[in-house]
Every structure is written in C-alpha cells, then in structure tokens.
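The structure appears right after this line, and notes come after that.
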Amino acid sequence: MLLLISLIPVVHAQGSPKAVVSITPDTHVFIGETVTLRCDVQGGGDTQWTYNWYKNNRLTYRTMQEITIWSVSDSDSGVYTCRGRRSYSQSSEISHAVTLTVSEKPKPTVRVNPQSSVYTGETITLTCERQATGWEIQWYKNNPQLQPLNSEETNTLKMTVDKSGETEYKYRACRRNDKRGYYYYHYYCTEISDPVRITVRARPKPVASIDPDKPVFSGDTVTLRCDIQDESVSSWQYSWYKDDSHSPVSSEQVYTISGVEVTHTGKYTCRGAERRGSRSSHFSDAVTLIVSERPGAVLSVSPQIWLTEGDSVTLSCEG
1 MLLLISLIPV VHAQGSPKAV VSITPDTHVF IGETVTLRCD VQGGGDTQWT YNWYKNNRLT
61 YRTMQEITIW SVSDSDSGVY TCRGRRSYSQ SSEISHAVTL TVSEKPKPTV RVNPQSSVYT
121 GETITLTCER QATGWEIQWY KNNPQLQPLN SEETNTLKMT VDKSGETEYK YRACRRNDKR
181 GYYYYHYYCT EISDPVRITV RARPKPVASI DPDKPVFSGD TVTLRCDIQD ESVSSWQYSW
241 YKDDSHSPVS SEQVYTISGV EVTHTGKYTC RGAERRGSRS SHFSDAVTLI VSERPGAVLS
301 VSPQIWLTEG DSVTLSCEG
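Note that full-length UniProt numbering gives residue 213 to position 213 of the sequence shown, counting from 1, and the numbers run on in steps of one.
Below is the structure:
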C-alpha cells in the first residue's frame, strides 16, 4: 500500500546538497514498460542517505533510492521529485520536478518512397514513424514467425530490388530497459505495423515503329510511334531521342514530322516515364529514318527519231 500524505517542507541549512531525479529508459514511456526512477544526492558525501519520493507533491515512497515500476500504467503518470535525508534535521534540497508520461502502446506505420509499385533495378526506401534514442528497429519480410530481417537503430530500410514479385514488409520498435546493478532486463516492443506490400515488375521495353518504313524524300510526312506494354501504368509521358542526343525531340507517343528534311536523317529511340509515379521504361531499339533530296523530273520522248505528221509518240515524266 502506498503512503500518501501532504508534502511538508523541511527546513534545511543553506548549502545543502541537491537531489537529482533520473528516469530510465525515458520520461515518456508506454503502458507495460518497466521504468526505474533514481534519486542521487549531489555532494552528499559517503554518509548513508534515506530517500523520500513525491508524486504530484504527495509523499509516495520512503527509504528507497531507486523505484522500479515493472509494468507502468496510465496512473503512474505524474510529476516526481525526491529528497535525501540522513537525520531528522538534515536533508538535501528537494530535486527539480521530472514528469513521467505514460501513453498507450503505439502501433507504427511504414512509409514507402518513391512508391510501392516499382521496376527491377530501382531503389526503394521504407521509413518507420518512430526514431528515438535507444530504440532498435526490427524489420520483417514475408515472415509470419517474426524472424527479423535486421535490427538496427535506424528508422529507414533502403534496398535495390532485383527480382519481380510481391513482398510484404513490416516492423516494430523495441528497447531494452536495463536496471543497473542487477542481472535482468525487460525488452519492450511496440505493436507490429500493418504490412506494406511492394510489387516489383520487370522494366518494360518500348517498341518504336516508323511509317513509312523505307527511305523518304524531303517534303514527305513521316510518323514515328512508341508503344509500351504495362497494364499497371495508366498514363505515360513519352520522350523521343535522335542519335546520341540527351535532349528529347518530342514528348508525344506519336511523333509526326511534316515536311521532313534531310537533317531529320538519323536513328530514333523512345522511352516512357510514368505520369503519376516515378517509374520509367527502358529505351526502345532504334529505328532509322533516311531522308534524301527529292530528284528533279525528267521528260523522255519515245521514239527518239524524227517524226512526220500523224506518227505516234510517247512522252514520259519520271521523278
């Protein structure tokens, strides 16, 4: 049973040592964790001290330098102070107040960057919401037995995916509550997050086509088309490139060149980028456009001999 009485100030001599309260693992803990409160008298020498503990200005514990609450509850929240005594007339100054806050056990969430649907070869980063000193992050992959993928004091998991398929990731945060001078500890973990599903697909390769698929003359109209097969992408942003240029010459799926010129001759490739995401396709194989100057017309007469009135003649225009 806890002894609860009003706090009665005790007169102490000027220059009395100061009491200091420390709380481990943290002043903000969660229901079910183990918490240790410790009172140290600074400058108190080697004399044996006894200790008074106050919660919200009421005497709560006597004698003990350390108080261990094995499974904290919301009712343990409060403002704690302590004072050391070594006789009725001698005491330390009362410590500064330290607030212990006890919250519900959290259930963390996972964020994915850039997105949960990616292509092979891309890098993704999973980020958990909790990152505090002393917390160990345990990541899990497709494993109902909760064997950790890794454990480290970081809130991010970065990886490059190289195989197609679906994978679920989840995590929890844990910390160990050590108690000094004893051979035990309490390992406390949050709830396990809801899984985040990563879908990995093979990066598609566009198919580029050209119409007409033959050499053309200057002034003709040429149409290049880029097709990408991937039902998971609702809309593509297309880019056409000529020869070794890194600057696109068109951003349309169907690239039409009206009044083509000899300078348009070259090899053309295309690729697509997801409009509402971060994925991009491979480059297509190149299609070749050959443009020649249009030849002049040649008029020929057959037969090429002297004719008399009434003879037949054939005129041909070529080019």
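From the three backbone atoms N, C-alpha and C, an ideal C-beta is built for every residue, glycine too.
Chain-order list of residues whose beta-carbon lies under 6 Å from that of residue i (same chain, five-residue window excluded)
i: Ser316; result: Ser300
i: Phe217; result: Ser292, Arg294
i: Ser22; result: Arg38
i: Arg180; result: Confidence in Arg180 is poor, its pLDDT being 46 and thus under 50, which makes the residue's placement unreliable; the coordinate value appears in the next sentence. Closer than 6 Å at the Cβ level, and outside the excluded window around Arg180, lies no residue.
i: Asp26; result: none
i: Gly277; result: Gln115
i: Ser92; result: Ser16, Pro17, Ala19, Val41, Arg83, Gly84
i: Ala208; result: Cys226, Cys270, Ser284, Val287
i: Asp230; result: Pro204
i: Lys107; result: Glu191
i: Thr314; result: Ser302
i: Thr125; result: Asn113, Thr156, Lys158
i: Thr24; result: Thr36
i: Glu318; result: Val298
i: Trp306; result: none
i: Ser312; result: none
i: Thr63; result: Thr50
i: His28; result: Thr101
i: Ala273; result: Gln237, Ser280
i: Ile5; result: In this predicted model, Ile5 has a pLDDT of only 35, less than 50, meaning its place in the structure is not dependable; the value taken from the coordinates is given anyway. Same-chain partners within the cutoff: Leu59.
7 Å Cβ shell around residue i - same chain, five flanking residues per side excluded
i: Ser116; result: Val196, Arg197, Ile198, Thr199
i: Gly310; result: none
i: Gly266; result: Lys242, Asp243, Leu289
i: Ser258; result: Thr221
i: His264; result: Ile257, Leu289, Val291
i: Glu252; result: Tyr238
i: Asn52; result: Leu59, Arg62, Cys82, Arg83, Arg85
Proximity of residue i and residue j at Cβ, strictly below 9 Å
i: Tyr238; j: Glu33; result: no
i: Pro206; j: Ser284; result: yes
i: Tyr119; j: Arg279; result: yes
i: Gln65; j: Ser16; result: no
i: Thr109; j: Arg86; result: no
i: Val98; j: Phe30; result: no
i: Arg111; j: Glu136; result: no
i: Ser164; j: Arg201; result: yes
Nearest-angstrom Cβ-Cβ length linking residue i and residue j, presumed shorter than 8 Å
i: Val254; j: Arg225; result: 5 Å
i: Val249; j: Trp240; result: 5 Å
i: Arg275; j: Ser235; result: 4 Å
i: Thr269; j: Ala286; result: 5 Å
i: Thr81; j: Tyr54; result: 5 Å
i: Ile210; j: Ser281; result: Not really, about 19 Å apart at Cβ, beyond 8 Å.
i: Thr167; j: Lys141; result: 6 Å
i: Tyr61; j: Ile69; result: Between Ile69 and Tyr61 the Cβ distance is about 11 Å, and since that is not below 8 Å, they are no contact.
Min CB distance residue i to chain C below 9 Å
i: Ile67; result: No chain C is present in this structure, which holds just one protein chain.
Residues near residue i in its chain [Cβ-Cβ closer than 8 Å; skip 5 each side]
i: Gly121; result: Thr160, Val161, Asp162, Arg203
i: Thr308; result: none
i: Pro215; result: Ile290, Val291, Ser292
i: Ser95; result: Lys18, Ala19, Val20, Val21, Cys39, Thr81, Cys82, Arg83
i: Ser193; result: Lys107, Pro108, Thr109, Val110, Cys128, Lys170, Tyr171, Arg172
i: Gln48; result: Arg86
i: Tyr183; result: Any reading at Tyr183 is ruled out, since the residue's pLDDT is 40, under 50, leaving its predicted position unreliable.
i: Gly43; result: Pro17, Lys18
Range of the contiguous beta strand (DSSP E) that encloses residue i
i: Ala297; result: No beta strand (DSSP E) holds Ala297; DSSP gives it neither H nor E.
i: Lys158; result: 156-160
i: Asp227; result: 222-227
i: Gly272; result: 266-274
i: Gln253; result: Neither: Gln253 is in no beta strand (DSSP E) and is coded neither H nor E.
i: Ile290; result: Note, Ile290: premise wrong, no beta strand (DSSP E); not H, not E.
i: Tyr61; result: 58-62
i: His28; result: 28-30
i: Asp40; result: 35-42
i: Val20; result: 18-24
i: Ala208; result: 207-211
i: Tyr140; result: 136-141
i: Trp306; result: Looking at the DSSP string, Trp306 is not in any beta strand (DSSP E), and its letter there is neither H nor E.
i: Gln237; result: 236-242
i: Arg85; result: 78-85
i: Ile192; result: It is not in any beta strand (DSSP E) - Ile192 carries neither H nor E in the DSSP assignment.
i: Trp70; result: Careful: Trp70 lies outside any beta strand (DSSP E) and carries neither H nor E.
i: Trp53; result: 50-55
Cβ contact (3+ pairs, closer than 8 Å) linking the segment 152-161 and the segment 208-223: no
When the Cβ atoms of the segment 100-107 are set against those of the segment 68-77, are three or more pairs found closer than 8 Å? yes
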